Structures are given as C-alpha cells and as structure tokens.
Amino acid sequence: AAPFRLEDYRAPAFTIDTVALDFQLDPPATRVTATLSIRANTEEARKGRLELIGDEIVLKGLKLDGVAVPASHYIATPSLLTLTDVPKGPFTLEIETIVDPAANTKLMGLYRTSGTYCTQCEAEGFRRITYFLDRPDVLAVYTTRLEAEKSDAPILLANGNPVESGDIPGTDRHFAIWHDPFPKPSYLFAMVAGDLGVITDRFTTMSGRDVELRIYCEHGKEARCTYAMDALKRSMKWDEDVFGLEYDLDIFVIVAVSDFNMGAMENKGLNVFNDKYVLADPDAATDADYANVEGVIAHEYFHNWTGNRITCRDWFQLCLKEGLTVFRDQEFSSDMRSRAVKRIADVRTLQARQFPEDGGPLAHPVRPEIYHEISNFYTPTVYEKGAEVVRMLKSILGPDDFRKGMDLYVKRHDGDAATIEDFLASFADATGVDLSQFKLWYSQAGTPQIVARGAYDEAAKSYKLTLTQSLAATPGQSQKRPMHMPIRFGLIGPNGDDMDYASVSGGRVDRDIIHLTEASQTLVFEGVGGRPVPSLLRGFSAPVRLAIDISASDLLFQARTDTDPFNRWQAVQTLAMRNLVAGTAEQIAGRAPKVEPALIDALGGVLDNDTLEPAFRAQVLQLPSEADIARELGQDVDPEAIAAARTALRLAISTGLGDRLERHYARLSGETDFHPDATSAGRRALRNTLLDLRLARRSPDAIAAALTHFEAATNMTDRLAALATITQAALPERRAVLDAFHDRYANDALVLDKWLTLEATVPAPDTLDRVKALLKHPSYSPNNPNRVRALVGSFAGANQTQFNRADGAGYDFLADFALDLDKRNPQTTARLLVSFRSWRALEPVRRARAEAALRRIAAAKDLSPDTLDIVTRTLA
Ligand code: DPP
Ligand code: ZN
Numbered sequence: 005a006a007p008f009r010l011e012d013y014r015a016p017a018f019t020i021d022t023v024a025l026d027f028q029l030d031p032p033a034t035r036v037t038a039t040l041s042i043r044a045n046t047e048e049a050r051k052g053r054l055e056l057i058g059d060e061i062v063l064k065g066l067k068l069d070g071v072a073v074p075a076s077h078y079i080a081t082p083s084l085l086t087l088t089d090v091p092k093g094p095f096t097l098e099i100e101t102i103v104d105p106a107a108n109t110k111l112m113g114l115y116r117t118s119g120t121y122c123t124q125c126e127a128e129g130f131r132r133i134t135y136f137l138d139r140p141d142v143l144a145v146y147t148t149r150l151e152a153e154k155s156d157a158p159i160l161l162a163n164g165n166p167v168e169s170g171d172i173p174g175t176d177r178h179f180a181i182w183h184d185p186f187p188k189p190s191y192l193f194a195m196v197a198g199d200l201g202v203i204t205d206r207f208t209t210m211s212g213r214d215v216e217l218r219i220y221c222e223h224g225k226e227a228r229c230t231y232a233m234d235a236l237k238r239s240m241k242w243d244e245d246v247f248g249l250e251y252d253l254d255i256f257v258i259v260a261v262s263d264f265n266m267g268a269m270e271n272k273g274l275n276v277f278n279d280k281y282v283l284a285d286p287d288a289a290t291d292a293d294y295a296n297v298e299g300v301i302a303h304e305y306f307h308n309w310t311g312n313r314i315t316c317r318d319w320f321q322l323c324l325k326e327g328l329t330v331f332r333d334q335e336f337s338s339d340m341r342s343r344a345v346k347r348i349a350d351v352r353t354l355q356a357r358q359f360p361e362d363g364g365p366l367a368h369p370v371r372p373e374i375y376h377e378i379s380n381f382y383t384p385t386v387y388e389k390g391a392e393v394v395r396m397l398k399s400i401l402g403p404d405d406f407r408k409g410m411d412l413y414v415k416r417h418d419g420d421a422a423t424i425e426d427f428l429a430s431f432a433d434a435t436g437v438d439l440s441q442f443k444l445w446y447s448q449a450g451t452p453q454i455v456a457r458g459a460y461d462e463a464a465k466s467y468k469l470t471l472t473q474s475l476a477a478t479p480g481q482s483q484k485r486p487m488h489m490p491i492r493f494g495l496i497g498p499n500g501d502d503m504d505y506a507s508v509s510g511g512r513v514d515r516d517i518i519h520l521t522e523a524s525q526t527l528v529f530e531g532v533g534g535r536p537v538p539s540l541l542r543g544f545s546a547p548v549r550l551a552i553d554i555s556a557s558d559l560l561f562q563a564r565t566d567t568d569p570f571n572r573w574q575a576v577q578t579l580a581m582r583n584l585v586a587g588t589a590e591q592i593a594g595r596a597p598k599v600e601p602a603l604i605d606a607l608g609g610v611l612d613n614d615t616l617e618p619a620f621r622a623q624v625l626q627l628p629s630e631a632d633i634a635r636e637l638g639q640d641v642d643p644e645a646i647a648a649a650r651t652a653l654r655l656a657i658s659t660g661l662g663d664r665l666e667r668h669y670a671r672l673s674g675e676t677d678f679h680p681d682a683t684s685a686g687r688r689a690l691r692n693t694l695l696d697l698r699l700a701r702r703s704p705d706a707i708a709a710a711l712t713h714f715e716a717a718t719n720m721t722d723r724l725a726a727l728a729t730i731t732q733a734a735l736p737e738r739r740a741v742l743d744a745f746h747d748r749y750a751n752d753a754l755v756l757d758k759w760l761t762l763e764a765t766v767p768a769p770d771t772l773d774r775v776k777a778l779l780k781h782p783s784y785s786p787n788n789p790n791r792v793r794a795l796v797g798s799f800a801g802a803n804q805t806q807f808n809r810a811d812g813a814g815y816d817f818l819a820d821f822a823l824d825l826d827k828r829n830p831q832t833t834a835r836l837l838v839s840f841r842s843w844r845a846l847e848p849v850r851r852a853r854a855e856a857a858l859r860r861i862a863a864a865k866d867l868s869p870d871t872l873d874i875v876t877r878t879l880a
C-alpha cells in the first residue's frame, strides 16, 4: 500500500456535526446503529461522492434521511463505504453494522476483556465499529445509547455526562444514554459495559464545579484503586495550579481492564486503563508501580486539555499531544516527588529507549513526515523525545514566557485540531522569540552529538569553550542543519561553587543557558578567577550525546561538588562508562580488567554523604546497564563480553566498598509500615541497591542476606528486589524462590507478570528453554498483551546475553513467536519486534543470525501491515 505523507494533507471534504450511536450489546453479534449528520464542505464534495472508512465492517443497513439507500447508489467493502449520490445540503446517514466483540483479538475497536465490553479507538479503531471519516480533524458531538442484558452488563458507560437510564419493559435488558457536549474526533470515542466494582469520590474545581469521580475495576479489587483515585485528585489540582486548566464535565470515569494493547487511553470523560496502571497495594505493587500509576493517571487526565480540547489535525502531529503531555506528567511527578531523581529516571528511560531508536533503522523525526502504519509511531521518539523538545522550549524561553505561550496556545486553539506550526506560533507570538531554527527539532531525526573542548588561560583569566554540534544521517535524511540547543551550564571553581565571570563573547548566553545555534561556536569567558571544571548540559538540558575531554579526577571533583544533582549523577556514570567500555575491550582481548580507583572513590563519597537523599544515592550506585554499554560502543557489540565486564566491575566495586555496604544497609533496615511516598521509597531503593551490590561478591553471607531479605520482606518492593537480585545473579537458589513467589501469588495475574519477567531475564543458557516451557504454563495466557510483554517482551528486550545468543536461537524464537501472534494481535507483535532495532550494531556472527530471522519474517505470507512495516524498515 502507498504510504501516507504529511505533505499530502487535505482538509476533510465533509463535516460530521453530530453522531448518535446505539449499541445493542451481545457478545458474538452486537448491533451498532450510527446516525451521522453530515454536510459537504467543498464544491467537489457537493458533486455527491462520499467515502467513509471501515475495517472488517459487516454492513446490515444504510439509510439516507430516513430512506433506505438503493443498492445502485453505494458500494460497501469491509474497508470502504462509497456513496455516489449524496445531497448537496446537510443530510443524515444511518449506518447499521454487526460487530463480534468476543472474536476481536486485535483489541482495536469493540472487544471483550474478562467478560466486559470495551473499546479502543486510537488511532484507527473506530472504523472497526462503523464506517466513518475516521481522522482526527473531523470533530463531532456524540450521544451514545447502550443497551444490554442487566445480568451481563449492569454497568453501562460512555463519554460525557449521563443523560438517562432505565429498564426495557418486558425484557431483562436495560439502557443508558450518555451525551458529550464537547466536539471530539472519533479516536476519543469510548464505551464500556460490564459487571464491575467501583470506588467513587468528588473534586471541586477552581471555579467551584462539583465533579463526580469514579474508578471501575474487577469486583474485589476496589481497595487497590484508592491510590489511583488519590493521584487523580492531585492531578486535577496540579493542572489548575500550574497551567490554569480546569476539568469540564460533571463526571470523570476511569475503567481498569486486563486486556489492553497500550498503557491507557484518554477517551473524553471515560479513560480506559490497562489495569497495571491503576491497581496498587503494598503487597502486590512495587514503589515503581506506584510511581507509574501516579504518572499514567496524570498523563491521561492531562490529555483532557492537551489532546482532547485541543487535538491533532492529523496523525503526523501525534507529538503535539503526546510530547506535550509526557512533559506535563513528568513535571507533575517532579513536583510530587524528588525533581532530581525524577529527572535522572526520565533521562535513563530516554537513553535506554529513544537513543537506540534514533541511532538505528527505525529512526524518525519527532513529527514524522511519512508512515505506512500509524500504530507503529507511538514511539519513544514521539513521546519521550517529544517531551524533551517541549522541555527545551521552556529552557529557551524561561518559565514565565513558557507559561504565556501555553496560555495563548490554549486560548487560540481550544476546540481545534491543531499542528506543530500552531503550537510554535503560539509561543513565538506570545514572546516575540524566533523559533524557526528551533523547529528543526521536530523534523530532523537522530541524536545530535556535541563535542566540547575547554581551555583556561591563567594569565588572561579567560576560559575558552568550543562547542561543536553534528548530526548523523538517518533514513531519508542525509543532510542536516545545525539546531538551536539550550546548554545549561556552570563553571565550577576550585572550592566547588559556580564561578562568576565578567563577560562572555562568541555566542548568546542567558543566565545559565548557552544558546548553541551554529555548527561550531567558541565562547570566551573573561574574568574567570581560576581554572574551572565545566559542568555542561545540566539537568540534561538537550537530548544529545555530549563528548567532553575531562579527566577522571575532574569527574570525581564534579561528582562531589556540582550544584546540579543531575550532573553529579552524570559524572559518576561517565566514570563508570569509561571503565565498562575499557573493560569490555579487555574481556574480548582476554586481559584482566583494571578498575579506575576514582570510580570507587566517587561511589563511596556519594554513599557516605548523608546530606544526599537516599533515592539519589541509589541512582548513583546503579551502573549503566548492558544495553547502555552496547549503545555506547555502537558497533561490533558482543553482549557476552559486555556482561562479563559489567560483572567484573560490580565485583570490584562491591569489594572496594567492603563492609560499608552492610553498614548502610543495616542503618536503613527496621522500617515495617509501608508508605508509598517518595522519601520512604527512596530509602527502600537505596537499601535494595546495597543488597544487590553486596551480592556481586556471591559470598555465602551475601547469598544468605539476599534470601533473608526475600523471606522477611513486608512489601512487594523489597520482596521483588531480593528476588531480582537472586535471579539476576543466576544463583542456583533461584528456582526455589521463584517457585515460592509464584505459589504465593498464583491468583494475581499482575504479580505473575513480574514473575514471568524475572524468569525471562535470568542471564543463563537454560533461560530460552524455560521461556518456551512457560508459554504452556497455566499462569501464562497467549492473548493477553501484559502476559506476552512480561514473558516474551522481557526476554527479547531485557535479556541481552540470552536473546542475543551467538547460536541465533533467541532470534529464531522471537521470529516464530511473532509469526504466530501476528495472526491475532498485530499491534503487540510489531511492538515486540522492535527488539531487533539495533541488529546492525552486533558483531558479525550475531548480526548475520539476526538478519536471517528478520528476513524469514519478512518473507512470510499474510503479514499484518503493522509487522510488515516494522520488519521492512528494520531491514532497510
Ligand atoms: N493512550 C495513549 C497515551 O495516552 C495514546 N494516546 O499516550
Ligand atoms: Zn498520551
């Protein structure tokens, strides 16, 4: 099929003002009647040809202005309804279709999950319910009527406010009518019907509007929804306080379901969530789970303005809502928790997920300009790099002007389907700042590299800093232009404080921001009192790779003194990465690894520094991952050598820090009550990190300590941390603890996902066989995306040595698995195959085996468009 291109965008020829939907719910045969009020927009449209999109649609009836349309006046295929003779003036079209929710394993459109009817329409699911102008720039007012058997679906929900409900006399059926007064695109439509438990609450908005809040879940799980409700109320308050944005309906509903392709969905007034981002209690959820629930609840709620009230003109603009909303949820979590620790965690995610995408065959701009299958563009680039671009905008403008731009954007575009041009124009017009060069961040793919060189002239008291930016070619883009990059910085003086300077030339510097705009710029700072240690890219102020010629002793100094906590963490990571890269080369050459003593000093200094918050110290003590090292190397990657180097360094650090690990661990012990707040979570994180580092020695006492930690744990965070430590060390004791864990949680699918993940990520040669065996385990379910991701997704995405086995068995397994799953759930299949994205960076033997597996998938008949697209681009 031909690709979609941004440059081909045309405004819709027809407008749909209102949509009335009637669902007669029945598991194998739900009857949907859609009544659309339509009018032509263009002269061309007034000629009478109307095309509505469908996907696997079974048409049962078609009426225009109440009269059946003659067969000679339309052509209906499962994917397209063409009417050849519609009126020039406004008209009403009534479309009757039959849907089989029970057979819908794609989980797009209307489907059943654990007996509940639910919908997922983003991006292109609505066309699986009825024929429609299924594109985000067609905004209509929806009224939804649901009718079902009372016993099958006592709860009937749709977008908007409830209007009416009641029994159908003489039957065991009932109905409910919902009306959403805000015009919206079809991707934001939702309905849910089922037998569900609920918790309720209320929120009074800043203008005094009383809003009813409800969270629905499976019966018996209500108590696990209270944290999500608390997070929702905090999100509503925060958006008022920070952005002045208020909720707009009488009711806000969240439904947790167990079968869901995405994390969650921001349908207007009726958010549908993957239950892993709603349910949390101390016995079943880790601190990370709590943080994710808080972040995703906030994210979907924030979409009510950035996504729903202002939506996207077309799917090329996906980052307009996603990048901005990720930025907003990151800021929310930073305000709720520790800003420094949140920033480190977000940058770790960005580097682990987005950098490899940007550096491989799937690289695409934050705003793509071409796609075959939009489902494959819900990517870390659109989301996480999209958020970084908004963050840079705020750094360039400053917080006050950023807020002015946001206010203007909302004022100007409320009710619109907008573009990135509209978004940037709001900021440019509100502040007078020229953002034309900045806009390149939306169109140029790839991670820029900045090379920094500094020189201090003692006699002249001047410091010269040369910054050079470059950007490698990416698919479809060979030539790149220099971008506008905000480089937050400080010049650290001998006593650890940032030094003042008298003047600077060679570029624009605002407060602590260098505006790098040229390919290369030399800034000369005059009146600098002593030789500075440059602290660049503070807070990771731009999503780039920074190469800086800085000595180990200066990094150690920076780790001790930098006023920017992010760069203190970064200094230690840089030291560790240098060790790990050198160590990998030594493994390959068969030489003994050498450990930089400055690294042990830096780690020990942070560990012992009680002025630093525990969560931050835990982040510093966690070394770069095997995947991080592979990315840093960039070519001829040998995952075994990397793993060996990392194990050796962990042993050296564990030995070097000695009994300080035990001492700090003991000091943090003794807490029994569980509180999910960030401070308590931070103490658990540090204690669990210390346990893990100690086990790097694999001594009998360290093993005993890990087993005791597992047995004595009073919450999931500690229990899972011990289990992860034991399994990651591939200790023989792992079998017994994994089995004990499984049996304890045998009826809790979300916890069993953690178990599946641990099983799949053991770095041992028998893991692949274990994964294959688990595919037949009763606790696994082949059609549930969470189970698939927990087992197969973790194996392919998080087990570097075993997925990348030199014999290619890991790749062959993923290919077989994907070819089978593709028949049932293409979206989840395509997502799994992203694990192949860095295949070209592997050493030659593995590279050849990965390529063979990819080519085998590509050659298969009847691939879904999703999978065909990913595999084709990965091989290109
Ligand atoms: N539901 C997904 C998200 O919120 C897609 N919009 O990111
Ligand atoms: Zn989103």
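Residue 880 is where the sequence shown ends in the UniProt record's numbering, and the numbering goes up by one at each step. Glycine is no exception: its CB is placed at the ideal position from the N, C-alpha and C atoms. Here the structure is a predicted model, which means the values were calculated and not measured.
Item	Value
Inter-residue spacing [alpha-carbon to alpha-carbon] between S262 and D287	19 Å
Chain-order list of residues whose beta-carbon lies under 6 Å from that of T721 (same chain, five-residue window excluded)	T290, D291, R688
Segment contact, 8 Å Cβ cut-off, at least three pairs: the region 376-396 with the region 327-338	yes
DSSP state of D873 mapped onto helix, strand, coil	helix
8 Å CB neighbourhood of G686 in its chain, flanking five on each side removed	S342, V345, E617, P618, A619, F620, A622
Backbone CA spacing between P403 and G409 [nearest angstrom]	10 Å
Buried or exposed (CB count within 10 angstroms, at least 16 for buried), D773	exposed
Buried or exposed by the 16-neighbour rule on C-beta atoms within 10 Å, applied to P452	buried
Length of the line joining the Cα atoms of T765 and S798	7 Å
CA nearest to the CA of S474, picked from R512, R549, R457, A506	R549
Host beta strand (DSSP E) of A144 (start-end)	144-153
Sub-9 Å separation of A260 and L283 beta-carbons	yes
Secondary structure of H77, DSSP reduced to three states	helix
Inter-stretch contact at 8 Å, needing at least 3 Cβ pairs: the region 350-368 / the region 296-311	no
Helix, strand or coil at I424 [DSSP, three-state]	helix
Cβ-heavy atom distance, M195 to the ligand DPP, below 8 Å	no
Buried/exposed call for S658, threshold 16 Cβ in 10 Å	buried
Three-state class that DSSP yields for Y121 in the structure shown	strand
Beta-carbon proximity list for F130, same chain, < 7 Å, skipping 5 on both sides	F136, D138, S190, Y191, F193
Unbroken stretches of the alpha helix (DSSP H), 4 residues or longer, contained in the region 125-210	none
Contact test: K389 Cβ vs the ligand DPP heavy atom, cutoff 8 Å	no
D696 burial status per 10 Å Cβ neighbour count (16 or more: buried)	buried
contact_flag[the region 811-822, the region 604-618] where n(CB pairs < 8 Å) is 3 or more	no
Proximal residues to L439 (C-beta, below 7 Å), its chain only, five neighbours per side dropped	L428, F431, A432
Which of helix, strand or coil DSSP assigns to N692	helix
G311: CB within 8 Å of a non-hydrogen atom of the ligand ZN	yes
Same chain only: Cβ atoms within 6 Å of G609, ignoring 5 sequence neighbours per side	R564
Proximity to A606 [Cα-Cα], best of P628, W573, A631	W573
Heavy atom of the ligand DPP within 8 Å of M266 beta-carbon	yes
Beta-carbon contacts of N165 that lie in its chain and below 8 Å, excluding the five residues immediately before and after	W182, H183, D184, P185, L253, D254, I255, G273
Sheet register partners of D514 (DSSP bridge)	I517
Minimum C-alpha distance to A72 - residue among S83, L87, I61, D59	L87
Beta carbon of S239 nearer than 9 Å to that of Y305	yes
Environment of S482 [buried if 16+ CB atoms lie within 10 Å]	exposed
Residues sharing a beta bridge with L85, DSSP	L56, A80
Nearest-angstrom Cβ-Cβ length linking G647 and P767, presumed shorter than 8 Å	Here residue 647 turns out to be Ala, not Gly, going by the sequence shown. Right, the Cβ-Cβ distance comes to about 6 Å (below 8 Å), so this counts as a contact.
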